[in-house]
Every structure is written in C-alpha cells, then in structure tokens.
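These protein sequence lines are chains A and L, in that order. Per full-length UniProt numbering, residue 1 is the first one in the first sequence, and the count goes up by one each step. Per full-length UniProt numbering, residue 1 is the first one in the second sequence, and the count goes up by one each step.
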Amino acid sequence: MNSEQLNQLKSKVICRDEQFDLLNAYLSNDSSVCVPTLLVQGYRSIGKTLTVDEYLKQLSGKVTRINCDQFITAKSLLQACLRNIRTDSGMDLSLSPEYYYRGVSTSKLEQTCDNFSNFQFNISQFLKDTDYQEHHFLVLDRLDQFIEDHLHLFNAFSRLHDAGDIKNITVIFITGMDTSHELVTSGIPHVYFDPYSESDIIRILQKNPFCFFGFPDEGSLGQQFWNSFVQVLVNSYYEYSASNLSVLIDLCYKKWPIFTDTIVKGSYSPSQFLQVYKENREIFSFEELSNSQVINYKTSKPVEESTALNLKDMTNLIKFVLVASYLASYIDPRNDMHFFSAIKYEKLREIKKFKKKDELTKKDMDNKLFQPNFFDLERLYAIVLVIYRNFSKSFEEEHELIDLMDDTDENDMINKQHEISKFSLVGNIDLQSQLSILLSRGLLARQESRDVLQPKPRWKCNTPWETIKVIAQDLQFPIEDYLG
Amino acid sequence: MTEDDPIVKSGGLITPLNRLDIGYISLSSNAANNYRILDEFYKFVDDKDLKILKISSKTGSFSIKSILRELVHQVEYKEEEEDVNSDKEEDEGFSEEVNDESSTYSLETLRNWHLKNPKIKLVIIFEDTDSIDPQILNIFLKQINVINDIPMKVIFGLTSSNISDWINKNIFNDLKMICNNHKFETKSNTDLCLTILEETIVNSKVLIDDSLVDIILSRFFNSNNSIDNLVNEIKVSLMIHFYSNSFSPLIENDLSVDDYEVLKKLPSFKLHVEEMFSKNQRGEVSKQQVEQCFTDAYIKQQFDQSKALYFSFKQNLEKIISMLGIEPIKAYQLIIKGSLFKSKIFKAILENQQDKESFISELQQLTQFPVVFKEIFFINGGNFERKLPKLVENYQNLMLNLVRPNARQIIENNLLSTQYLDNSIISQSSKFEPILIKLFNLLDEAPPAINHHDFFMAFKHSLNKEDIIEEFRLGEVDDIKWDKILLSWFLQVCNEFMIIGLIKEKSRGDHFEKSIWRGL
Numbered sequence: 001m002n003s004e005q006l007n008q009l010k011s012k013v014i015c016r017d018e019q020f021d022l023l024n025a026y027l028s029n030d031s032s033v034c035v036p037t038l039l040v041q042g043y044r045s046i047g048k049t050l051t052v053d054e055y056l057k058q059l060s061g062k063v064t065r066i067n068c069d070q071f072i073t074a075k076s077l078l079q080a081c082l083r084n085i086r087t088d089s090g091m092d093l094s095l096s097p098e099y100y101y102r103g104v105s106t107s108k109l110e111q112t113c114d115n116f117s118n119f120q121f122n123i124s125q126f127l128k129d130t131d132y133q134e135h136h137f138l139v140l141d142r143l144d145q146f147i148e149d150h151l152h153l154f155n156a157f158s159r160l161h162d163a164g165d166i167k168n169i170t171v172i173f174i175t176g177m178d179t180s181h182e183l184v185t186s187g188i189p190h191v192y193f194d195p196y197s198e199s200d201i202i203r204i205l206q207k208n209p210f211c212f213f214g215f216p217d218e219g220s221l222g223q224q225f226w227n228s229f230v231q232v233l234v235n236s237y238y239e240y241s242a243s244n245l246s247v248l249i250d251l252c253y254k255k256w257p258i259f260t261d262t263i264v265k266g267s268y269s270p271s272q273f274l275q276v277y278k279e280n281r282e283i284f285s286f287e288e289l290s291n292s293q294v295i296n297y298k299t300s301k302p303v304e305e306s307t308a309l310n311l312k313d314m315t316n317l318i319k320f321v322l323v324a325s326y327l328a329s330y331i332d333p334r335n336d337m338h339f340f341s342a343i344k345y346e347k348l349r350e351i352k353k354f355k356k357k358d359e360l361t362k363k364d365m366d367n368k369l370f371q372p373n374f375f376d377l378e379r380l381y382a383i384v385l386v387i388y389r390n391f392s393k394s395f396e397e398e399h400e401l402i403d404l405m406d407d408t409d410e411n412d413m414i415n416k417q418h419e420i421s422k423f424s425l426v427g428n429i430d431l432q433s434q435l436s437i438l439l440s441r442g443l444l445a446r447q448e449s450r451d452v453l454q455p456k457p458r459w460k461c462n463t464p465w466e467t468i469k470v471i472a473q474d475l476q477f478p479i480e481d482y483l484g
Numbered sequence: 001m002t003e004d005d006p007i008v009k010s011g012g013l014i015t016p017l018n019r020l021d022i023g024y025i026s027l028s029s030n031a032a033n034n035y036r037i038l039d040e041f042y043k044f045v046d047d048k049d050l051k052i053l054k055i056s057s058k059t060g061s062f063s064i065k066s067i068l069r070e071l072v073h074q075v076e077y078k079e080e081e082e083d084v085n086s087d088k089e090e091d092e093g094f095s096e097e098v099n100d101e102s103s104t105y106s107l108e109t110l111r112n113w114h115l116k117n118p119k120i121k122l123v124i125i126f127e128d129t130d131s132i133d134p135q136i137l138n139i140f141l142k143q144i145n146v147i148n149d150i151p152m153k154v155i156f157g158l159t160s161s162n163i164s165d166w167i168n169k170n171i172f173n174d175l176k177m178i179c180n181n182h183k184f185e186t187k188s189n190t191d192l193c194l195t196i197l198e199e200t201i202v203n204s205k206v207l208i209d210d211s212l213v214d215i216i217l218s219r220f221f222n223s224n225n226s227i228d229n230l231v232n233e234i235k236v237s238l239m240i241h242f243y244s245n246s247f248s249p250l251i252e253n254d255l256s257v258d259d260y261e262v263l264k265k266l267p268s269f270k271l272h273v274e275e276m277f278s279k280n281q282r283g284e285v286s287k288q289q290v291e292q293c294f295t296d297a298y299i300k301q302q303f304d305q306s307k308a309l310y311f312s313f314k315q316n317l318e319k320i321i322s323m324l325g326i327e328p329i330k331a332y333q334l335i336i337k338g339s340l341f342k343s344k345i346f347k348a349i350l351e352n353q354q355d356k357e358s359f360i361s362e363l364q365q366l367t368q369f370p371v372v373f374k375e376i377f378f379i380n381g382g383n384f385e386r387k388l389p390k391l392v393e394n395y396q397n398l399m400l401n402l403v404r405p406n407a408r409q410i411i412e413n414n415l416l417s418t419q420y421l422d423n424s425i426i427s428q429s430s431k432f433e434p435i436l437i438k439l440f441n442l443l444d445e446a447p448p449a450i451n452h453h454d455f456f457m458a459f460k461h462s463l464n465k466e467d468i469i470e471e472f473r474l475g476e477v478d479d480i481k482w483d484k485i486l487l488s489w490f491l492q493v494c495n496e497f498m499i500i501g502l503i504k505e506k507s508r509g510d511h512f513e514k515s516i517w518r519g520l
C-alpha cells in the first residue's frame with residue numbers, strides 16, 4: 001500500500017499511526033511477501049479490530065472474519081472458517097462441491113472438521129480444486145475469549161502453512177491481554193496496540209460524534225457542544241474506564257439524553273454549555289457505574305429497590321430453616337450440645353488445652369469468614385426444631401391479638417407450655433417442601449455422590465451472612481449469640 | 001434507546017450498541033406459585049405473534065451446549081413433529097442428524113427460522129434462573145447477542161426482589177452494557193392470599209369458622225405459602241361441609257319433618273339450651289321446661305331466627321369491615337371469635353371515634369351472628385377436637401390432615417403391615433408378605449445399631465424357603481443359590497431403606513444405624 005493511502009487511513013482512524021505502519025510492513029496482497037501469521041494484541045476496546053478491518057478494507061484483499069467467542073466448540077468454529085473462506089473467496093463453488101471426511105467425500109459440511117488436520121485437508125483440497133491463487137486473510141477475532149482452550153487453536157492455525165500447499169492464506173489473530181505466555185512469546189510477528197491516553201480518547205470521541213439533539217440543523221454549534229460534553233465526560237470517568245472506549249461510548253449514550261434534556265425542551269440553547277453543565281453536574285457520578293439500571297415495564301421508570309430478599313414473601317418456616325442451615329454450617333457439631341440442648345453443658349465441656357500466648361488458632365477467628373461446612377439433614381432438622389420451639393412467634397400470636405384479661409387461666413398456660421415442649425415439625429410435610437424450594441432457589445446447596453452405594457447427600461448453607469442477618473433480625477432471633 | 005431514536009444516529013466510525021432486551025419477572029419464594037405466575041404469563045402471550053422458547057433447570061441447563069441444543073430443538077423439531085406425527089418412530093431412526101454438532105448448537109438455526117417466519121418474534125424464557133449457573137447465563141447472553149439483529153427478547157424468572165443487585169452480582173461487566181433491563185412486577189403472594197380468603201368469606205354461601213381461618217392463615221404464613229395449596233384447603237373444607245354434613249342444604253331449603261329430629265341433636269343447639277337454663281334459672285329445672293325446648297315449634301323458631309341472623313350478618317359484613325377500617329380478615333376473625341370488643345385493636349379504633357357509645361352499639365347490633373345451629377352456617381374443615389390451649393399448628397382437623405398428611409407415620413404404618421395392599425387394584429392373593437415389609441418388621445424391633453450379618457441372618461431365618469420357592473416357581477434351589485437370592489433381596493431392600501432415610505450405613509464397623517431421632 002502506498003503512503004498516500006496509508007495517510008488517508010491514518011487520518012480516518014486517528015491515534016493508530018504506528019500500528020498502521022506495522023500492519024503495512026507485514027501484510028500485503030502478494031502471497032510471496034505477506035507474513036503467514038500475525039498476532040494483534042492490546043487491551044480491550046482500543047480499536048484493534050477497527051484498525052485491522054479498515055486496513056484490510058483499504059488493501060481490498062479477500063477477507064474472512066470469524067469472532068471466536070461466538071462458537072462453543074472448536075468443530076463448529078472450524079466449520080465456519082471453512083464455509084466462509086469458500087464463500088468469501090468468490091470462486092465458483094461448483095468446482096469443489098465435495099468435502100472430505102476420513103478419506104470419504106461427502107456433501108455435508110456438518111460431518112467435517114472434527115479435528116484441525118481434517119480442516120486443513122479440506123482447505124487445501126478446495127484451493128487445489130478451484131485453483132484459488134488470490135491472497136486471502138483469515139481474521140480470528142477475540143481469540144482469547146474462545147470458550148475452549150484458545151492456545152490449542154492458536155497453535156493449530158499458526159501451523160496452517162506447514163501443511164505445504166496452503167500458501168495464500170494469512171491468519172491474523174486478534175487477542176486481548178489476558179492470554180498465556182505461550183501466545184505472547186511465540187515467534188510470529190506481533191503488533192501491539194498501546195492504550196489510549198486521556199487526550200487521545202477525547203480526540204477520538206470528538207472526531208466521531210454519535211449523539212445529536214435531533215434538531216434539523218445542528219451545525220458547528222452542535223459540534224462545539226459535543227466537544228465540551230465529551231471533555232467533561234472523559235475527565236469524569238477516565239479513572240474508571242481507562243482506555244476502554246466502549247465503556248465511555250456506553251456512558252455517552254446513557255448520559256446524553258439526560259444532559260441535553262433542557263436543550264431539547266428549549267430552556268437553553270446549545271451555546272450555553274456551562275449553564276447546562278452547572279445544572280446537571282451531579283449526573284457525572286460514580287454511583288451508576290456499579291449499579292445496573294432496571295426499568296419497570298409498567299411505569300417505564302427506573303426501579304428503586306432496597307433489600308435483596310423479599311421478607312414478607314417468605315414463610316416463617318423457610319426463615320427458620322435458613323437460619324438453622326447457617327448455624328449448622330458454621331457451628332462445630334461438637335458444640336451442638338452447648339448451643340441447642342437444655343442441659344447445662346459447662347460441666348461436659350472439655351478443659352481448654354494448653355495454648356501458646358499470642359498464637360492465633362482457628363477458634364480465635366470469626367467463623368463467619370470461613371467456608372460453610374457440610375452437614376447432615378438430620379442435624380438441620382434437630383436445629384430447626386430447637387430454634388423453632390424457642391423463638392417462633394407463632395406460638396405467642398394469640399396474646400398479641402387479645403387482651404390478657406381474657407379467659408386463659410394459669411392451667412391453660414401450663415398446658416400450652418407442655419404442648420410447645422412436645423411440638424414436632426418433622427411429622428409435617430411442609431418442612432420437606434420448603435427445603436426443596438430453598439434448594440431450587442440456590443439458598444441451600446446439596447452435594448450428592450453419584451455412587452449409588454453411598455446415597456447420603458450432604459447439605460450446606462449457600463446464603464451470605466448479610467441475608468441471614470436480615471432474616472434473623474426479622475425473626476428476632478439472636479443469631480450473634482451462637483456465632484462466638 | 002434504539003436506532004430509531006432521533007437523537008442517536010450512527011456517526012463516523014462509532015455505531016450505537018445493539019442492545020439486548022431482557023425482561024425480569026419477579027417471582028415469589030414458592031416454587032408452585034412461580035409456575036402459576038409463568039402459566040399466567042404464557043396464557044397472556046399465547047395469542048400474540050410470539051414464539052416462546054422455554055428453558056428451565058429441568059430441561060438440561062447444566063451447560064451452554066445443552067441450552068443451545070434445547071433452543072434449537074424447540075425451534076426446529078416441534079414444527080416437524082406436528083407435521084409428521086405418524087412418522088415419529090421413523091424420525092428417531094435418523095440418529096446421524098441429531099449428532100451433527102454444528103446444526104444442533106448453532107444459533108444460526110434461530111436466524112434461519114426467523115427468515116422463514118419474519119413476523120413472529122422470538123421470546124426466550126428462563127423459568128427458574130436461580131437454579132442455573134450464572135457463568136452459563138453469561139456465556140448464553142454473549143452467544144445470543146450474536147444474533148441480536150433479529151427481533152428477540154430474553155426473559156428471566158427471578159426470585160430475588162432486588163434485580164439490579166442480582167445483575168451486579170451475576171452478570172459480567174461488559175455484558176451489562178448490552179443489556180436493556182426491564183422488570184415485570186407480579187402480584188404479591190400475601191395480598192393474593194388475603195384477597196382469596198376475603199372473597200371466599202364475603203361471596204360464598206357459607207361463613208368460615210374462626211379456627212379454620214386460623215389454620216389456613218397460619219399455614220400460609222408459617223409453613224407453606226403456595227396459592228394452589230390455599231385454594232385446595234378451601235375447596236377441601238367446602239367439600240367436607242357439603243358432602244359429609246347432611247344439614248348443609250338447610251342453608252337454602254326450608255325445614256322438612258325429618259330435619260327436626262336431627263337438629264335436636266346438634267351440639268350447638270344442646271349447648272344453647274344448657275346455657276339458656278344456666279343463665280336464667282338457678283336451681284332445679286323441671287322436665288317440662290326442657291321438653292318444651294325440644295318441641296318442633298321451638299326448634300323452628302330458633303332455626304328461623306338463626307337463619308335470619310345469618311343472612312343479615314352476611315349482608316352487613318362489608319359495612320362492618322369498612323366501619324372498622326382494619327384488615328378485613330383480621331376484623332372477621334375478631335368478630336367470629338367474639339373477642340372484637342375486648343381486643344387492643346378495637347380500643348385503638350375507638351379512640352378515634354367521636355360518638356363512642358353509638359359506635360359500639362351499632363357495631364354490636366351489626367356483628368350478631370348465629371350461634372345456635374352454627375354447624376349449618378360455618379364451614380370448619382372437619383374439626384374433631386379442640387381443647388383451648390392448642391397450638392394452631394397442632395389442631396386436629398380433617399382438612400389439615402388431608403392436605404398435610406403425616407408422611408413419616410404413614411410410611412411406617414404401611415411398612416409394618418400389608419393392609420394397604422388389600423384392595424381391588426392388587427388382586428393377586430399371596431400367602432407371602434413383601435420382603436420390604438418383612439425386613440421393616442425386623443428393623444422395627446432391632447436396636448439402634450444393627451450388625452449387617454445379624455440382620456441378614458435374622459432376615460434369612462424369618463423366611464420360609466419352601467413357600468418362597470413355590471411362590472416364585474424357582475425350581476431346584478441349592479443352599480448357595482438360595483443364599484445368593486436372599487442376599488440380593490436383602491441388599492436391594494437395605495438400599496431402599498437408606499434412600500427413604502430409615503437407616504444409615506456406618507463407614508466403620510459393619511453395621512447399620514437407625515436414623516430415627518427420638519422426639520423428632
């Protein structure tokens with residue numbers, strides 16, 4: 001490509017001069033000059049794909065683009081490569097109507113490409129059949145986001161030429177920075193995209209306005225307003241976004257309608273940027289960055305939400321089971337007697353073993369920090385039973401409703417106490433159904449071995465402390481007392 | 001924000017993001033209710049030009065491949081099945097096609113489908129998002145975004161009430177940018193329950209007894225908040241009333257001659273007579289006075305009075321509730337319990353009233369409901385006993401026992417005897433008890449820890465070899481073969497017990513442990 005074309009490209013896609021020069025050095029439409037493979041690398045969303053695309057467009061060679069993250073198996077990716085190379089080549093496909101699979105020809109693409117060598121064979125066969133000589137670029141974009149091992153794919157494609165008769169295909173890998181050392185340190189030519197600086201980003205966005213007032217004629221005044229808007233936005237969020245352009249573009253789309261609301265309604269003219277900014281200064285906050293906006297379908301307004309759990313919707317039993325599962329997960333089973341039994345446990349407790357001074361043991365740490373332990377279902381039942389009996393408000397309800405002057409005499413009270421002490425939940429089918437609901441909601445987790453001879457599942461609390469705390473407060477259950 | 005929006009145009013090199021519309025249906029905490037909500041949603045979208053694709057944790061959402069396969073399957077194969085229902089068996093023969101990876105996983109199938117049916121929008125619904133690994137959801141969103149150019153919506157059914165919090169915790173940052181989130185509110189469970197009960201009380205023919213209201217409400221708020229369950233409870237109660245209570249038609253019909261004899265024996269009437277005498281006359285009551293109460297005329301008079309009272313109460317119910325201005329169900333409960341005027345709530349209401357005397361007297365007038373022949377006007381779900389200090393959860397109630405059977409007790413009772421096998425469905429008469437029952441009887445008598453060998457020997461000796469050989473027509477059986485047969489039966493049944501949770505196998509020492517906790 002001559003320098004005039006290159007300059008034209010550089011003025012279209014700014015801040016990427018060095019990369020264009022490198023690309024121009026490596027790539028060409030002439031198969032004898034062009035490199036067989038090229039690795040393009042750089043952080044996310046800093047124009048890698050755009051630069052390569054624009055360059056190849058200018059080069060006007062045959063290009064096949066594949067986004068690796070769209071495929072969930074290597075086989076389907078290879079099939080897509082094969083199909084697209086065939087169609088993008090512009091050759092008469094009737095010259096090469098068949099695919100080859102394990103030495104047998106077939107008309108179905110679906111049956112081919114179960115490994116790389118088969119893909120390679122099919123490609124070379126296609127080149128041979130159609131006598132395709134023109135140079136072809138295969139761009140494998142987002143290689144690092146491929147769902148299977150991308151290194152495997154990289155190694156395979158970088159040896160595409162080793163097969164011998166494939167000479168006119170150049171593979172361009174585009175990848176982010178979070179890849180393995182093997183890929184970065186490989187010997188193939190390498191184009192590194194350095195991150196944009198803050199002023200670069202402002203220049204790029206100012207050059208390519210994409211939000212408008214919607215007025216019929218906006219002219220230079222609109223451009224001026226846009227320039228100031230971009231300046232303010234990038235200054236506010238550069239710390240967060242760094243060189244990631246798509247985050248900033250997304251923010252532009254989100255902030256622009258709010259910011260320009262007064263102008264569209266006619267209160268201000270586009271020349272009064274400072275006034276508009278003064279009024280809307282608080283919209284450039286960091287709050288929204290960590291918060292996804294959800295819109296209520298009925299009212300088309302953002303939903304305001306507070307708690308993660310809808311406590312009103314939960315049954316008493318489910319709350320108790322959750323709290324009990326948390327206790328079962330975080331209390332050492334050896335201390336169960338101490339916490340859940342009516343008898344005085346102090347005597348039974350073993351005398352503390354000799355401990356070195358200033359030494360931290362597991363007991364000294366807050367057990368909420370540990371992973372939840374597994375427990376048996378029966379232990380959960382036992383704990384639920386104890387805490388339900390002791391703390392359930394449903395046993396007291398009647399007194400709240402009616403004055404105590406009522407006809408409940410002392411005898412009745414004693415009877416009731418007796419009944420509470422003998423009360424059992426396990427005969428109740430609801431306990432199981434509530435457990436299954438908790439399991440399906442992912443608040444409890446179950447580990448089950450596939451071995452039929454060991455059919456004992458183990459359970460674990462899967463709810464974070466914050467949630468449990470809220471539930472315990474709602475039940476007026478002193479959970480802190482149990483987790484010393 | 002879409003491309004049609006006048007303020008957003010694609011300019012220069014930067015084009016607007018193609019956002020994916022995602023809806024969130026806020027589900028309740030009860031799985032059964034969630035299916036009800038989803039069913040309603042499906043009914044709502046049924047007649048529209050939409051193609052619904054359903055994904056749930058049960059249709060194999062353990063990996064991204066299975067989700068995509070399910071989607072493609074729902075798009076492609078359902079239509080084919082409709083066309084060639086008769087050739088179904090033949091279809092299954094083409095296992096080759098099913099194995100084609102690229103066609104079964106590729107979302108291009110959805111795009112092709114859209115090209116064939118351009119007017120129909122695709123809606124992908126995740127029925128129970130909470131049970132699906134968020135990692136897989138993320139990959140799915142990424143995949144589905146590829147074909148985002150066709151009209152398509154994704155809907156997540158989510159039990160978490162704070163949706164933005166859920167998104168923040170579970171969706172990758174770069175995917176959050178492409179999501180256009182909408183929330184669909186659903187009716188709160190609690191409100192629905194109260195509305196249903198209220199409607200039942202105000203609109204149905206009969207009134208609900210106070211203990212039944214207690215039972216239903218306490219069950220709903222304490223242990224099972226499924227709406228289906230609530231409806232079932234009310235239905236069963238009504239059935240019990242109208243099927244097993246022979247006076248129930250009297251609410252509509254006039255008294256016939258036969259009815260008097262029966263009405264005389266109703267407990268509420270007897271109670272009424274008792275109370276009448278104990279109130280009015282201290283000391284002896286003459287036989288004549290008592291007999292007078294049991295004459296047809298008196299009964300008719302009492303019955304008519306009760307009936308009139310009942311209808312007037314029913315009519316006034318709404319008025320009373322609006323006068324009190326508290327939750328209708330609570331008001332109703334207080335009235336029926338007869339404790340309205342004693343309650344704290346009423347005191348609070350009274351303080352806001354200007355003319356307290358007339359307010360009370362008017363209410364007293366309005367809230368009179370029939371006490372005599374209560375059995376006819378109230379459904380009680382078949383109470384069999386009620387001593388005062390009963391926990392609501394311990395009530396002995398026919399309806400409660402029907403909807404919430406004591407599962408463990410039933411299992412154990414049925415394992416102890418073959419009684420339940422004596423029915424018309426299982427007609428084959430056999431001398432021989434099922435092995436499960438034999439072994440359970442042994443287990444029942446055994447100590448908490450049982451040695452494997454002892455257990456097996458006890459089992460072996462409890463069986464009669466000749467009978468069994470004859471029963472199963474085993475032919476010639478030598479001792480080794482006999483032991484083998486017994487051992488396989490024994491192991492099978494022990495495994496079944498373990499699955500039910502009756503016994504546990506101890507890892508050390510060759511013994512089972514009974515896993516029945518005392519008092520639980």
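Cβ coordinates follow ideal geometry from the N, Cα and C atoms, glycine included. For clarity, every value in this text was computed on a predicted model and none was experimentally measured.
Beta bridge counterpart(s) of residue i as assigned by DSSP
{"i": "threonine 64/A", "result": "Leu138/A"}
{"i": "leucine 158/L", "result": "Ser26/L"}
{"i": "glutamate 505/L", "result": "Phe512/L"}
{"i": "residue 525/L", "result": "In the structure displayed, chain L extends from 1 to 520; residue 525/L sits before or after that span and is not available."}
{"i": "glycine 42/A", "result": "Phe193/A"}
{"i": "cysteine 293/L", "result": "Per DSSP, none; premise fails for cysteine 293/L."}
{"i": "histidine 418/A", "result": "Answer is none; histidine 418/A lacks a bridge partner."}
7 Å CB neighbourhood of residue i in its chain, flanking five on each side removed
{"i": "asparagine 414/L", "result": "Tyr420"}
{"i": "proline 257/A", "result": "none"}
{"i": "phenylalanine 220/L", "result": "Cys193 and Leu230"}
Residue i and residue j closer than 8 Å at C-beta
{"i": "threonine 463/A", "j": "leucine 322/A", "result": "yes"}
{"i": "leucine 158/L", "j": "aspartate 133/L", "result": "no"}
{"i": "serine 29/L", "j": "aspartate 313/A", "result": "yes"}
{"i": "leucine 39/A", "j": "proline 195/A", "result": "no"}
{"i": "isoleucine 208/L", "j": "glutamate 233/L", "result": "no"}
{"i": "isoleucine 155/L", "j": "isoleucine 25/L", "result": "yes"}
Contacting residues, own chain, Cβ-Cβ under 6 Å from residue i (five flanking each side not counted)
{"i": "glutamate 18/A", "result": "none"}
{"i": "serine 72/A", "result": "The identity of residue 72/A in the sequence shown is isoleucine, whereas the question assumes serine. Within the same chain, isoleucine 72/A has close Cβ partners Ile147."}
8 Å Cβ shell around residue i - same chain, five flanking residues per side excluded
{"i": "serine 271/A", "result": "Leu221, Gln224 and Phe225"}
{"i": "glutamine 476/A", "result": "Phe391 and Lys393"}
{"i": "isoleucine 150/L", "result": "Leu110, Arg111, His114 and Leu122"}
Whole beta strand (DSSP E) runs in the stretch 87-132 of chain A with 3 or more residues, listed along the chain? 99-101 and 104-106
Counting Cβ pairs, one atom from each stretch, are 3 or more of them under 8 Å apart for the stretch 52-63 of chain A and the stretch 21-30 of chain A? yes
Identify every run of the beta strand (DSSP E) within the stretch 141-206 of chain A, keeping only runs that are complete inside it and at least 3 residues long; order them along the chain. 169-175 and 190-193
For the stretch 105-155 of chain L, which segments carrying the alpha helix (DSSP H) assignment without a break, of at least 4 residues, lie completely within its bounds, in sequence order? 108-116 and 134-146
At a cut of 8 Å, does the stretch 221-228 of chain L reach the stretch 253-262 of chain L through at least three beta carbon pairs? no
Three or more beta-carbon pairs under 8 Å between the stretch 367-384 of chain L and the stretch 207-219 of chain L, yes or no? yes
I want to know whether the stretch 61-68 of chain L touches the stretch 135-151 of chain L - three or more CB-CB distances under 8 Å. yes
Stretch pair the stretch 140-154 of chain A + the stretch 105-112 of chain A: three plus CB contacts closer than 8 Å: no
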